[in-house]
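So the sequences go chain by chain: A and B.
Counting from 98, one number per residue, gives the positions in the first sequence under my numbering.
Counting from 293, one number per residue, gives the positions in the second sequence under my numbering.
No residue lacks a Cβ here, since even glycine has one placed at the ideal position from N, Cα and C.
If you're wondering where the values come from, they're calculated on a predicted model, not measured in any experiment.
Working notes, beginning with the structure itself.
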Amino acid sequence: MTDDSAVPLVGRDLAIGYRQRLIIDGLDVTIRRGGVTTIIGPNGCGKSTLLRGLGRLLPTTRGSVVLNGTDIATMRSRDIARQLGILPQSPVAPEGLTVAELVSRGRHPHQSWVQQWSGEDEREIVSALALTGMRGLEDRPLDELSGGQRQRAWIAMTLAQETPILLLDEPTTFLDLAHAVDVLELVDRLNRELDRTVVMVLHDLNLAARYSDQIIVMHDGAIVTAGAPEDVITAELLLQVFGLSAKVIIDDDGGLLVAPTARRTHRQQPRARGSHI
Amino acid sequence: MVRPAPDRRHPPSKGVGSGFTTVRLGRFSLRWRSRTVLLVAILASVAVLLAAASLAQGTYPLSLDRVVATLSGEGTRIERYTIVDLRMPRTVTGIVVGFALGLSGALTQTVTRNPIASPDILGVSAGASLGAVAVITFGGPTAAVLGVPGAALGGALVTAGVIFLLSWKSGSDSLRLILTGIAVNALLVALTSWLLVSARLSRATEATVWLIGSLDRAEWATLLPVFVGVVVLSALALASSRVLRLLAFGGDTASALGVRVGPARSLLLLLSVGLAALGVAIAGPVGFVAFAAPQLALRLARTAVPPVLYSGLLGAVLVTGSDLVIRAFSPVALPVGIMTTAIGGPLLISLIVRANLRRTA
Numbered sequence: 098m099t100d101d102s103a104v105p106l107v108g109r110d111l112a113i114g115y116r117q118r119l120i121i122d123g124l125d126v127t128i129r130r131g132g133v134t135t136i137i138g139p140n141g142c143g144k145s146t147l148l149r150g151l152g153r154l155l156p157t158t159r160g161s162v163v164l165n166g167t168d169i170a171t172m173r174s175r176d177i178a179r180q181l182g183i184l185p186q187s188p189v190a191p192e193g194l195t196v197a198e199l200v201s202r203g204r205h206p207h208q209s210w211v212q213q214w215s216g217e218d219e220r221e222i223v224s225a226l227a228l229t230g231m232r233g234l235e236d237r238p239l240d241e242l243s244g245g246q247r248q249r250a251w252i253a254m255t256l257a258q259e260t261p262i263l264l265l266d267e268p269t270t271f272l273d274l275a276h277a278v279d280v281l282e283l284v285d286r287l288n289r290e291l292d293r294t295v296v297m298v299l300h301d302l303n304l305a306a307r308y309s310d311q312i313i314v315m316h317d318g319a320i321v322t323a324g325a326p327e328d329v330i331t332a333e334l335l336l337q338v339f340g341l342s343a344k345v346i347i348d349d350d351g352g353l354l355v356a357p358t359a360r361r362t363h364r365q366q367p368r369a370r371g372s373h374i
Numbered sequence: 293m294v295r296p297a298p299d300r301r302h303p304p305s306k307g308v309g310s311g312f313t314t315v316r317l318g319r320f321s322l323r324w325r326s327r328t329v330l331l332v333a334i335l336a337s338v339a340v341l342l343a344a345a346s347l348a349q350g351t352y353p354l355s356l357d358r359v360v361a362t363l364s365g366e367g368t369r370i371e372r373y374t375i376v377d378l379r380m381p382r383t384v385t386g387i388v389v390g391f392a393l394g395l396s397g398a399l400t401q402t403v404t405r406n407p408i409a410s411p412d413i414l415g416v417s418a419g420a421s422l423g424a425v426a427v428i429t430f431g432g433p434t435a436a437v438l439g440v441p442g443a444a445l446g447g448a449l450v451t452a453g454v455i456f457l458l459s460w461k462s463g464s465d466s467l468r469l470i471l472t473g474i475a476v477n478a479l480l481v482a483l484t485s486w487l488l489v490s491a492r493l494s495r496a497t498e499a500t501v502w503l504i505g506s507l508d509r510a511e512w513a514t515l516l517p518v519f520v521g522v523v524v525l526s527a528l529a530l531a532s533s534r535v536l537r538l539l540a541f542g543g544d545t546a547s548a549l550g551v552r553v554g555p556a557r558s559l560l561l562l563l564s565v566g567l568a569a570l571g572v573a574i575a576g577p578v579g580f581v582a583f584a585a586p587q588l589a590l591r592l593a594r595t596a597v598p599p600v601l602y603s604g605l606l607g608a609v610l611v612t613g614s615d616l617v618i619r620a621f622s623p624v625a626l627p628v629g630i631m632t633t634a635i636g637g638p639l640l641i642s643l644i645v646r647a648n649l650r651r652t653a
């Protein structure tokens with residue numbers, strides 16, 4: 098037990114699934130404090146399921162999730178929401194909601210009927226807006242924002258929740274590479290400057306390698322391996338887990354690059370550009 | 293102080309508190325949207341004015357100041373009788389029923405995150421109708437014990453129970469609930485029609501008037517228990533408004549922010565069913581109020597989610613106003629439901645058209 102309280106988030110012998118079909122069965126996982134942990138794996142391997150299970154959005158059929166030394170099954174949902182924030186994949190908001198209203202909702206776990214809007218609420222919301230670069234967009238309706246802005250607004254809501262642990266389910270879905278990098282730079286700042294522990298699910302292996310301290314690789318509902326990106330992401334692992342033949346290259350900055358081996362190395366007949374249209 | 297010229301494209305934001313008023317006292321703090329509070333005050337005044345006009349309106353004409361005088365205890369015996377015993381039950385019923393239906397609609401629409409989900413569409417009103425029509429057409433000993441309002445209340449609650457049971461699936465998702473409601477609604481409407489066809493003509497006529505929704509049957513004896521019920525359920529609904537606004541985000545975000553989604557959803561739907569059942573029990577299914585009031589409230593208050601108190605007040609204004617217009621201008625005594633449907637029907641169509649336009653744009 099003393100061992101667990103030093104670790105912010107632990108899953109023990111987890112079984113999670115829908116109805117009769119278990120997606121994860123008997124999984125153990127430990128999240129390190131103060132790091133960025135990324136779960137990767139092929140589609141349908143159970144990485145989102147694991148994240149949602151850790152964030153109590155999915156009930157566990159067996160096993161327990163321990164948050165700062167306490168089993169979350171024994172905690173009130175509101176108390177969990179003060180320690181752990183989770184941003185689901187493509188979350189929905191009522192039509193016409195403004196950025197300010199969205200981010201304000203993040204303060205819910207800290208508010209009550211007699212304490213609806215404290216000075217601290219206001220400070221946290223302003224700082225969350227500032228950190229995510231959303232200052233000046235407060236009164237804009239969410240549905241009028243670009244994909245990248247909208248994602249930053251949702252992250253701002255999760256930040257306003259003021260939790261030491263953040264779980265992000267594919268925070269870069271539907272974003273182009275530049276905006277995806279923007280969001281991950283933000284995640285990096287949250288981790289470095291605000292000392293938040295981050296766990297996220299990512300699809301892009303290069304981005305995962307670049308922005309994580311620890312990588313967890315999942316396959317068929319189980320953890321294959323976990324560790325530092327350069328130790329974990331190898332050509333053999335990519336072939337074994339993803340069925341992907343690729344080279345893993347270390348670039349000049351010491352960053353890791355996954356380059357898929359293209360089936361067609363040469364185009365036989367380059368297509369003429371813009372002719373006959 | 294010199295203020296910089298406002299930028300028209302991006303008006304300067306007054307910080308996160310813009311459009312809100314915050315009052316702090318030590319650890320306590322309250323916050324409200326200034327526009328909604330102003331609108332609530334305006335709407336409450338309109339409701340009071342309409343109620344006064346409704347009390348003055350009738351075959352024995354009374355001026356507004358006589359109404360005020362009588363209510364403050366200065367009227368003659370005949371004025372007191374006319375206002376307090378004859379007209380007031382009708383006026384108060386209009387307000388109570390309108391408030392209950394408007395609030396009920398706001399709750400279902402928010403919890404299911406669907407603007408068409410209102411008690412009329414989910415079959416609650418149809419259940420009440422079947423109960424009431426059965427008692428009106430067949431009468432018998434049950435009718436004597438329950439009365440029409442009792443049968444309507446029972447029908448609404450039993451129907452709601454059946455719909456919940458049929459659509460229950462790990463926390464009941466809203467599309468399932470709506471589809472089940474529509475199916476049950478169709479079945480109940482068919483049963484009601486069958487009862488009407490097989491009933492004696494005079495009974496069938498009486499039942500038909502009930503089915504449109506009318507304030508003609510209002511009397512203190514049935515109104516008082518309903519009034520108390522509506523006050524209690526409304527208070528509970530208003531107290532849950534902090535949770536309600538999170539349920540509008542759907543299950544995941546609400547859970548993430550610390551709401552126990554399953555119980556919260558069930559409780560709010562239960563409150564909604566209770567309010568609709570009480571309203572329908574005394575006035576019949578007054579059409580489209582539960583659907584239209586929250587949608588109008590949402591547009592007037594310019595909020596993303598129907599404001600709870602405001603939707604109720606708008607419902608009250610809609611029913612009282614419709615009843616007043618019919619009594620003042622219609623040569624025959626039309627039931628109030630005709631007027632509310634005449635307002636609500638076009639509103640529904642315009643909403644669908646606008647949603648289509650937005651999608652194709």
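Spatial neighbours of B/Gly629 in its chain, beta-carbon cut-off 6 Å, leaving aside the 5 residues before and after: Ile504, Gly505, Val578 and Gly579
Reference B/Leu654, options B/Leu445, B/Leu471 and B/Ala426, closest by Cα: Residue 654 of chain B lies beyond the stretch modelled for chain B, which goes from 293 to 653, so this question has no answer here.
Same chain, Cβ closer than 7 Å to A/Arg307, five either side skipped, listed in chain order: Gly352
DSSP-derived helix/strand/coil call for A/Ala197: helix
Neighbour flag for A/Pro261 against chain B, beta carbons, 8 Å: no
Secondary structure of A/Trp210, DSSP reduced to three states: coil
Test item: CB-CB of B/Gly637 and A/Ile177 under 8 Å: no
Contact with chain B by A/Pro326, beta-carbon distance below 8 Å: no
Buried or exposed (CB count within 10 angstroms, at least 16 for buried), A/Glu290: exposed
C-beta neighbour in chain A for B/Arg552, strict 8 Å: yes
Proximal residues to B/Trp324 (C-beta, below 8 Å), its chain only, five neighbours per side dropped: Phe312 and Thr313
contact_flag[the stretch 215-226 of chain A, the stretch 196-206 of chain A] where n(CB pairs < 8 Å) is 3 or more: yes
Minimum Cβ-Cβ distance from B/Arg646 to chain A less than 8 Å: no
Straight-line Cα distance separating B/Val501 from A/Phe271: 55 Å
Partner residues on chain B for A/His276, Cβ-Cβ distance less than 8 Å: Within chain B, no residue comes near A/His276; the closest Cβ sits about 21 Å away, beyond 8 Å.
Boundaries of the alpha helix (DSSP H) in which A/Pro326 is found, first to last residue: Pro326 to Val329
Backbone CA spacing between A/Asp310 and A/Leu287 [nearest angstrom]: 14 Å
Burial state of A/Glu235 (16 or more Cβ within 10 Å): buried
A/Gly351: first and last residue of the uninterrupted beta strand (DSSP E) it sits in: Careful: A/Gly351 lies outside any beta strand (DSSP E) and carries neither H nor E.
C-beta contact flag for B/Ser466 and B/Thr402 at 8 Å: no
CB-CB length for B/Leu515 against B/Val384, believed under 8 Å: 6 Å
Residues near B/Tyr352 in its chain [Cβ-Cβ closer than 7 Å; skip 5 each side]: Thr374
Residues that A/Val189 contacts on chain B, provided the C-beta gap is smaller than 7 Å: Phe541 and Gly542
Minimum C-alpha distance to B/Leu643 - residue among B/Leu341, B/Pro407, B/Leu356 and B/Ser614: B/Pro407
Touch test, the stretch 222-230 of chain A against the stretch 243-254 of chain A, Cβ-Cβ under 8 Å, three pairs minimum: yes
Helix, strand or coil at A/Val189 [DSSP, three-state]: coil
Every unbroken alpha helix (DSSP H) within the stretch 392-451 of chain B, with a cutoff of 4 residues, ordered by chain: 416-430
Spatial neighbours of B/Ala348 in its chain, beta-carbon cut-off 6 Å, leaving aside the 5 residues before and after: Leu354, Leu356 and Val359
Residue ranges of each beta strand (DSSP E) within the stretch 459-496 of chain B, 3 or longer: none
Chain A within 8 Å of B/Leu538, Cβ atoms only: yes
Whole-angstrom C-beta distance between A/Met297 and A/Leu147, which should lie under 8 Å: With 8 Å as the limit, A/Leu147 and A/Met297 do not qualify as a contact, their Cβ atoms being about 12 Å apart.
Supposed close pair B/Leu605, B/Ala339 - CB separation, criterion 8 Å: 6 Å
Whole-number beta carbon distance between B/Ala409 and B/Ile448, since they are thought to touch under 8 Å: Sequence inspection shows Ala at residue 448 of chain B; the Ile mentioned does not correspond to that position. At roughly 16 Å, the Cβ-Cβ gap does not stay under 8 Å, so B/Ala448 and B/Ala409 are not in contact.
Listed by chain order, chain A residues near B/Leu639 by CB distance under 9 Å: Under the 9 Å cutoff, chain A gives no residues; its nearest Cβ is about 17 Å from B/Leu639.
Close-in-space but distant-in-sequence residues of the same chain around B/Val450 (CB under 7 Å, 5 per side omitted): Gly419
Neighbour flag for B/Thr495 against chain A, beta carbons, 8 Å: According to the sequence provided, residue 495 of chain B is Arg. The question's Thr does not apply to it. B/Arg495 does not count as touching chain A.
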